[in-house]
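K.L.:
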Amino acid sequence: MFALVPLWWALGAFYLGWSVFGVVLLALLVTRGRVALPPGSAAWLVFLTLVLLSATRLDRVTAYLTFGLRFGFLATALVVCVYVHTLVRDGTRWDRVLRPLGWYWLGVVALGWLAVLMPTFALTTPVEMALPHSISGERFIQALTHVRANEFNPQSRTPIYRTAAPYPYTNNWGTAYALLVPCVLAYLTSVRTGRFRVALWVSLPLSVVPAFLTLNRGMFLGLGAGLLYLGLRALVRGNARLIVSIGGLVVLVWVVSLVVPVQEMIDARVSSTDTNVDRMDLYVRTWQAVERSPLLGYGAPKSVDTTLAEEPLGTQGLIWQILYSHGIPALVVFLGWLVLVARRLAAAVSPAGHWLSTVPVIALVVIPVYAYIDPNLSVIFFAVGAGLAAVGGPVNRASTGPSTMAQPVPLAPWRTRGVGRATVPAPPLPPPAPQPATGVAAVPLRMPEPPAPPSAPAPPPATVPAPGAAPVVPPATVPAPRSAPAAPPATVPAPNAAPVVPAPRSATAPPPSITPPSTAAETPTGVPAPRAATAPPPSAAPPATTAAEVTSALPAPRAATAPPPAPATPAQSAGTAVPAPRAATTPPPAPAPTVPAAAEAARPPASEPDRPVADAPRQGGAA
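Numbering of the sequence shown is given in UniProt numbering, commencing with residue 1 and proceeding in unit increments.
1. Run the CB neighbour count on H85, radius 10 Å, all protein chains shown included, and call it buried at 16 or more, exposed below.
2. Does the distance from the CB of A363 to the CB of G317 come in under 8 Å?
3. Figure out for me which residue from P100, V80 and V236 has the closest Cα to the Cα of S19.
4. In this structure, what does DSSP give as the bridge partners for R162?
5. Spatial neighbours of L11 within its chain, please: C-beta separation below 7 Å, excluding the five flanking residues on both sides.
6. Return the chain-ordered ranges of every beta strand (DSSP E) run that is complete within the segment 60 to 136 and spans a minimum of 3 residues.
7. Work out the CA separation of L258 and A13 for me, nearest whole Å.
8. Taking 8 Å as the threshold (C-beta atoms), are V391 and R343 in contact?
9. Measure from the alpha carbon of N376 to the alpha carbon of each residue in Y177, N153 and V253, then state which is nearest.
10. Between which two residues does the alpha helix (DSSP H) carrying N216 extend?
11. What whole-angstrom Cβ distance do V147 and W9 have, given they're in contact under 8 Å?
12. So, does the segment 55 to 66 touch the segment 107 to 122, judging by three or more C-beta pairs under 8 Å?
13. Got a sec, what are the start and stop residues for the alpha helix (DSSP H) L53 sits in?
14. Ends of the alpha helix (DSSP H) at N171?
15. Hey, quick one: how far does the alpha helix (DSSP H) through N376 stretch, first residue to last?
16. Leaving out five residues on either side along the sequence, give the residues of the same chain with a beta carbon under 8 Å from the beta carbon of L230.
17. Can you tell me which of the three DSSP states P368 falls into?
18. Ignore the nearest five residues each way along the sequence and tell me which others in A346's own chain have a CB closer than 7 Å to its CB.
19. Would you mind giving the Cβ-Cβ distance between A389 and V88, rounded to the nearest angstrom? I have them listed as a contact below 8 Å.
20. Tell me, which residues are paired with P312 by DSSP?
21. Tell whether a beta-carbon distance below 8 Å holds between V224 and V366.
22. To the nearest angstrom, how far is the alpha carbon of W44 from that of L78?
23. Grab me the residues of residue 645's own chain with a C-beta within less than 6 Å of its C-beta, minus the 5 sequence neighbours each way, in chain order.
24. Could you pull the start and end residues of the alpha helix (DSSP H) that T193 belongs to?
25. By how many angstroms is the C-alpha of A211 removed from the C-alpha of N153?
26. State the Cα-Cα distance for the pair T163 and Y169, rounded to the nearest angstrom.
27. Could you tell me the boundaries of the alpha helix (DSSP H) in which Y15 lies?
28. Does the distance from the C-beta atom of L114 to that of A143 stay below 8 Å?
29. Going by beta-carbon coordinates alone, are V82 and G385 separated by less than 8 Å?
30. Can you give the Cα-Cα distance for L37 and P159, rounded to whole angstroms?
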């Protein structure tokens with residue numbers, strides 16, 4: 001499609017067969033299955049819809065042929081963009097993706113030199129001979145099928161030969177040159193080796209001669225605007241290498257201009273022709289016609305008599321062509337698409353991405369004077385599709401071998417944008433370190449204990465610790481007002497026991513519950529105690545104790561009227577155990593063991609009823 005441009009031109013099928021290649025690419029995409037559309041596709045589909053609506057304004061049969069040809073260029077451009085976008089997303093080597101544009105460039109330069117060496121070359125093509133005379137005799141179809149190397153005025157005594165092949169008009173050649181130069185430089189800055197790269201380097205200086213002979217002021221304007229845009233970006237980002245590259249390109253153009261007197265030739269052409277007068281007359285008449293049909297236009301250009309000859313309205317620039325043929329809304333959508341893709345491509349940071357980002361800028365600058373609803377539109381969409389797919393990928397990658405975009409490399413997002421940014425998941429954060437308990441303390445759990453033998457009966461409740469159990473140190477007893485009957489005897493302290501922090505008093509106590517031995521996987525969830533108490537790890541795992549032993553080792557909370565003790569229930573989690581309240585009738589105390597002197601001194605006098613001690617959290621859970 002792109003590589004064999006000289007062959008399609010010689011056959012006369014360069015324009016007429018271009019949409020056939022678009023159908024082939026569309027079939028490949030359909031057989032592939034679901035594909036991702038590049039950004040801006042929705043806007044282009046809206047534009048195509050408006051173009052189809054404008055076909056209702058056509059008034060002659062031959063106009064439908066030219067309308068179908070132009071609509072084929074518009075649809076094929078979108079298919080090319082989607083196809084290239086899919087290739088880049090699939091990880092195709094960057095040199096393979098851009099190589100078709102390189103071949104297209106070499107074909108244009110070769111035919112340009114044919115125009116330089118053989119100014120009057122013309123060819124009757126097989127397609128021209130195959131078409132009926134009623135179709136091939138149409139002025140527009142005749143220009144496409146009867147090919148010439150140059151555009152010139154055959155009636156002039158001193159004709160000015162301007163490079164045109166493979167296009168019918170020299171303005172199309174100048175537009176293609178302005179659009180292809182950034183694509184070639186994108187390939188050269190991304191691919192470091194290969195014979196094809198050498199061929200492109202050689203073709204760059206050779207292309208300047210046929211480019212100057214076009215005498216296209218719009219071509220120089222577009223290239224200058226693209227270089228200015230790129231230079232400003234490089235200056236803002238401090239990219240010295242890119243600034244040097246732009247300077248080298250400008251120096252090359254200046255050196256060639258010393259050999260080819262471009263300015264003198266342009267001045268001579270302008271002074272000997274009335275192109276400016278004709279162009280201004282066409283602009284005025286086009287705008288007057290748009291005022292009569294601003295929404296849908298007229299479907300296709302129409303020929304009118306100008307100052308010097310008959311010329312079609314809506315052909316001297318893409319703005320005027322869209323306005324006249326498809327209406328003001330279609331022009332607004334088209335300009336919006338160009339601005340959208342230019343903004344997206346501005347995200348590229350590599351030299352290849354920088355050069356590709358100038359393509360929509362050049363296309364935006366030349367639309368007042370040049371139209372490119374032809375194969376040049378596919379060139380624009382080719383570059384845009386590759387750039388859009390590579391903004392978050394290959395264009396932003398570092399060099400990896402012969403091609404800077406040959407290997408897929410994971411990327412970090414270059415920055416946060418409202419539109420189009422690389423989505424890379426952030427690495428998982430490490431789990432937060434456990435925070436030490438502050439304020440309200442949690443009583444540490446005991447080490448896991450082996451279950452008690454099923455045949456061993458539970459010992460009766462007593463204040464004496466079970467044999468082998470972890471000793472319990474009673475908290476400091478705080479005297480409390482006398483407001484309850486006699487309290488049970490004070491808890492007997494045991495040596496080497498962890499201190500127990502008293503829990504805050506409550507008005508009413510929940511019903512008692514029997515707690516089983518705690519496990520290491522259980523976490524206290526009950527009411528936290530005011531202060532933490534860290535118990536040293538036991539030297540050996542003690543034998544299992546029942547909840548009754550733990551309960552009997554701790555005093556019961558005070559209550560105005562204590563409810564009767566509840567029957568034993570299945571064991572709950574040690575972390576949610578709540579100390580049982582005192583019963584109304586105090587059971588007879590168990591045989592008192594040997595009480596240390598400190599506990600004996602803390603016992604209240606015999607003349608006063610025993611004062612209950614504050615509730616203490618049980619060992620193995622928070623009270």
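Glycine residues also receive a C-beta, built at the ideal position from the N, C-alpha and C atoms.
P.N.:
To lay it out plainly:
1. Within the sequence shown, residue 85 is the residue found at index 85, counting from 1. Classification for H85: buried.
2. Position 363 of the sequence shown, counted from the start, is the residue given in the question as residue 363. Position 317 of the sequence shown, counted from the start, is the residue given in the question as residue 317. No, the Cβ-Cβ distance between A363 and G317 is not below 8 Å.
3. On the sequence shown, position 19 is the one that residue 19 refers to. When only C-alpha atoms are compared, the closest one is V80.
4. Residue numbering aside, residue 162 sits at position 162 when the sequence shown is read from its first letter. E151.
5. In the sequence shown, the residue the question calls residue 11 occupies position 11. Within the same chain, L11 has close Cβ partners T125, P126 and V127.
6. 122 to 124
7. Taking the sequence shown and counting its residues from 1, one reaches residue 13 at position 13. Taking the sequence shown and counting its residues from 1, one reaches residue 258 at position 258. Taking the straight line joining both Cα atoms gives about 38 Å.
8. Within the sequence shown, numbered from 1, the residue matching residue 343 stands at position 343. Within the sequence shown, numbered from 1, the residue matching residue 391 stands at position 391. Going by C-beta atoms, R343 is not nearer than 8 Å to V391.
9. Taking the first residue of the sequence shown as 1, we reach residue 376 at position 376. Out of Y177, N153 and V253, Y177 has the C-alpha closest to the C-alpha of N376.
10. For the purposes of this step, residue 216 is identified with residue 216 of the sequence shown, where counting begins at 1. N216 -> no alpha helix (DSSP H), and no H or E assigned at all.
11. For the purposes of this step, residue 147 is taken as the residue at position 147 of the sequence shown. For the purposes of this step, residue 9 is taken as the residue at position 9 of the sequence shown. Yes, V147 and W9 are in contact; Cβ-Cβ is about 6 Å, under 8 Å.
12. no
13. Position 53 of the sequence shown, counted from the start, is the residue given in the question as residue 53. S41 to S54 is the span of the alpha helix (DSSP H), which, as asked, contains L53.
14. Along the sequence shown, read from residue 1 onward, the residue named residue 171 stands at position 171. T170 to S190 is the span of the alpha helix (DSSP H), which, as asked, contains N171.
15. Taking the sequence shown and counting its residues from 1, one reaches residue 376 at position 376. Taken as a continuous stretch (DSSP letters only), the alpha helix (DSSP H) holding N376 covers P375 to A390.
16. As a first step, residue 230 must be located in the sequence shown, where it is residue number 230. Result list for L230: L242, I246, H354, W355, S357 and T358, in chain order.
17. As a first step, residue 368 is located in the sequence shown; it is residue number 368 there, counting from the start. DSSP places P368 in coil when its eight states are reduced to three.
18. In the sequence shown, residue 346 corresponds to position 346, counting from 1. Excluding positions up to five away in sequence, the list reads S357.
19. Counted from its first residue, the sequence shown places residue 389 at position 389. Counted from its first residue, the sequence shown places residue 88 at position 88. Going by Cβ atoms, the distance from A389 to V88 rounds to 4 Å, so yes, they are a contact pair.
20. Within the sequence shown, the letter at position 312 stands for residue 312. For P312, which the question treats as bridged, DSSP gives the partners S303.
21. Counting from 1 along the sequence shown, the entry for residue 224 is found at position 224. Counting from 1 along the sequence shown, the entry for residue 366 is found at position 366. Reading off the sequence shown, one finds Gly at residue 224, where the question assumed Val. Not in contact: G224 and V366 (Cβ atoms no closer than 8 Å).
22. Taking the first residue of the sequence shown as 1, we reach residue 44 at position 44. Taking the first residue of the sequence shown as 1, we reach residue 78 at position 78. Taking the straight line from one Cα to the other gives about 8 Å.
23. Limits of the chain in this structure are 1 at one end and 623 at the other, which puts residue 645 out of reach.
24. Here residue 193 refers to the residue found at position 193 of the sequence shown. Note, T193: premise wrong, no alpha helix (DSSP H); not H, not E.
25. Here residue 153 refers to the residue found at position 153 of the sequence shown. Here residue 211 refers to the residue found at position 211 of the sequence shown. Near 19 Å, if we compare the C-alpha coordinates of A211 and N153.
26. Looking up residue 163 in the sequence shown gives position 163. Looking up residue 169 in the sequence shown gives position 169. Each residue's Cα considered, the two are about 8 Å apart.
27. The residue you call residue 15 lines up with position 15 of the sequence shown. Careful: Y15 lies outside any alpha helix (DSSP H) and carries neither H nor E.
28. Taking the first residue of the sequence shown as position 1, residue 114 is located at position 114. Taking the first residue of the sequence shown as position 1, residue 143 is located at position 143. Not closer than 8 Å, so no.
29. The residue given as residue 82 occupies position 82 in the sequence shown. The residue given as residue 385 occupies position 385 in the sequence shown. For V82 and G385, yes; Cβs fall inside 8 Å.
30. Within the sequence shown, numbered from 1, the residue matching residue 37 stands at position 37. Within the sequence shown, numbered from 1, the residue matching residue 159 stands at position 159. L37 and P159: Cα-Cα distance of roughly 48 Å.
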